[in-house]
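What follows is a single structure, written as structure tokens, with notes after it.
Numbering (the working numbering), first residue to last: 14 to 313.
If you want it as structure tokens, here you go:
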């Protein structure tokens, strides 16, 4: 510590050394104050270093949580009969409240879902893990997508004290017949591209965890050769650019309409690039998830 600086600060504070006591006593008082200020300064440094250490430990914990979460996302399954799919999550932070899943339900059926937990905190990531487990458990025994959502809603409301909601789009795809049965719990509508046109699969429902009396409905569509179906979280249409404009549903439909490629990963990449180009380097504010299901037209 610079003693001269302390002395000046000492005088600036209106404290003067007494002239009716010895120089040695005055010096003792002054040095005592220097020692006290030095001690306080060191304590502040220690606390700052402790905070930095804690922040480093928290950051490391977040990195570990991120790695664990990534391992929960499924590998791309090999489907039969020219059907193929691909999925990806781009978190806004280290951990994500978004997730997608592919659930093997039998020789010809695959459960496919995209979900979004409200918030982007660690609590959202924990809720994501819990919801994924509940949905997987319900999917193994339920007879319809709507039943999966209804039972998951009841389980979330009865077993969790966290007041968070989860939007879910869940469907069961038959790889032999191409029939897709699906239900929706407050999630953005899926988009279907067929013969160059894009349409919404409109079906609504309450998010999981919203109300106990929520009722969910089933709908069905049959995919055809060259069809592409995309599921996504609201982080994609709500992506912002530096001019505070949103990417929006119209741009998303346009990106899907013009996406080239016969493989779902090619279609996914084309849509991602459209979003990235629109953002122009702006900060990503929300998690973004995209799942692409494509039916190859060759020999279908």
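Ideal placement from N, C-alpha and C gives every residue a C-beta, glycine not left out.
- Pairing residue 240 with residue 281 gives a Cβ-Cβ distance that is not under 8 angstroms.
- With contacts defined by Cβ atoms closer than 8 angstroms, residue 140 and residue 130 form a contacting pair.
- Note: residue 114 is bridge-paired with 126 in the DSSP secondary-structure output.
- Between the beta-carbon of residue 94 and that of residue 188 there is about 5 angstroms, and that keeps the pair under the 8 angstroms contact cut.
- Less than 8 angstroms divides the Cβ of residue 197 from the Cβ of residue 182.
- Of the residues 269, 154, 162, the one whose Cα lies closest to the Cα of residue 242 is 269.
- Note on geometry: alpha-carbon atoms of residue 96 and residue 60 lie some 58 angstroms from one another.
- Counting C-beta pairs with one atom in each stretch, the segment 284-296 and the segment 225-233 have fewer than three that are closer than 8 angstroms, which means they do not touch.
- Per DSSP, residue 310 lies in no alpha helix (DSSP H) and is assigned neither H nor E.
- The closest CA to that of residue 171, considering only 153, 152, 143, 116, is found on 143.
- A distance below 8 angstroms between beta-carbons, with the five flanking residues on each side excluded, links residue 177 to the following residues of its chain, in chain order: 130, 131, 132, 136, 137, 140, 222.
- Bridge partners of residue 274 according to DSSP: none are assigned.
- In the three-state DSSP reduction, residue 100 falls in the strand class (E or B).
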